[in-house]
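For the sequence shown, the working numbering begins at -11 and goes up steadily by one.
Everything below concerns the one structure shown next.
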Amino acid sequence: MSVLSWGKPTIQVKKYVNGVLDPSENDWITLSTPVQGTTNLDTADGDTVQALEEGGGVVDSYTNKSQFTLSMELFVKKNETKPIDDNDGVVLDNYAVRLVPEDAENNGYLFKKCAVTARETWTSADGGRWVYTFTALVPDDGGKMVRPYKAQ
């Protein structure tokens, strides 16, 4: 058992249908294992807005919500189809995505609602790769965009 939430993750996605996410455990698709070192959760700090008085003193300040993306690359393997359909990188549907760490007793992450972008790359060293980026959106329940997730 590991102490840290690291190692080979399991990534699962679930498509919104008619703007709704089925709350059951059905229809989650497990993606193939990502290319080593390509799975990243990135956080961008929200903008800070300040009320300044003459001379530059800060009277009040607040910071907007952070922005979150989860990205990974998957090898394009023989006889596999893209796990998420796109039209030249554009994915019209929203998805939920969850990351389960190698040691599933540790916390992973759940993006309850996100926009998805897709790219395809190729090099002679690695062949084809599908690059997916999930951008967290405010979920319909208004809760946190990124939540801890523990596999059941």
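We put the CB at the ideal spot given by N, CA and C, even for glycine.
Residue i vs residue j beta-carbon contact at 7 angstroms
i: Val6; j: Gly34; result: Looking at the sequence shown, residue 6 is not Val but Asn. No, these two residues do not count as a Cβ contact at 7 angstroms.
i: Pro89; j: Ile17; result: no
i: Ala163; j: Ala84; result: The chain is shown from -11 up to 140; residue 163 falls before or after that span and cannot be answered.
i: Asp30; j: Ala39; result: no
i: Thr69; j: Cys102; result: no
i: Lys50; j: Gly96; result: In the sequence on display, residue 50 carries Tyr and not Lys. For Tyr50 and Gly96, no; Cβs fall outside 7 angstroms.
i: Phe99; j: Val126; result: no
i: Arg117; j: Thr109; result: yes
i: Pro11; j: Leu87; result: no
i: Asn94; j: Tyr4; result: no
Extent of the continuous beta strand (DSSP E) run through residue i
i: Pro136; result: 134 to 137
i: Asp91; result: Note, Asp91: premise wrong, no beta strand (DSSP E); not H, not E.
i: Tyr120; result: 115 to 124
i: Val1; result: -2 to 3
i: Lys101; result: 96 to 111
i: Leu9; result: Taken as a continuous stretch (DSSP letters only), Leu9 belongs to no beta strand (DSSP E), as it is neither H nor E.
i: Leu40; result: 36 to 40
Per-residue DSSP class, three states only, for residue i
i: Met(-11); result: coil
i: Glu61; result: strand
i: Ser54; result: coil
i: Asn28; result: strand
i: Asp81; result: coil
i: Leu87; result: strand
i: Asp76; result: coil
Residue i CB to nearest heavy atom of the ligand ZN below 6 angstroms
i: Lys101; result: In the structure on display, the ligand ZN does not appear, and there are no ligands present to speak of.
CB-CB length for residue i against residue j, believed under 8 angstroms
i: Gln0; j: Ala32; result: At roughly 24 angstroms, the Cβ-Cβ gap does not stay under 8 angstroms, so Gln0 and Ala32 are not in contact.
Using 8 angstroms as the threshold, is the stretch 106 to 113 in touch with the stretch 15 to 29, meaning 3 or more CB pairs across them?
no
Counting pairs of Cβ atoms below 8 angstroms between the stretch 35 to 51 and the stretch 61 to 80, do you hit three or more?
no
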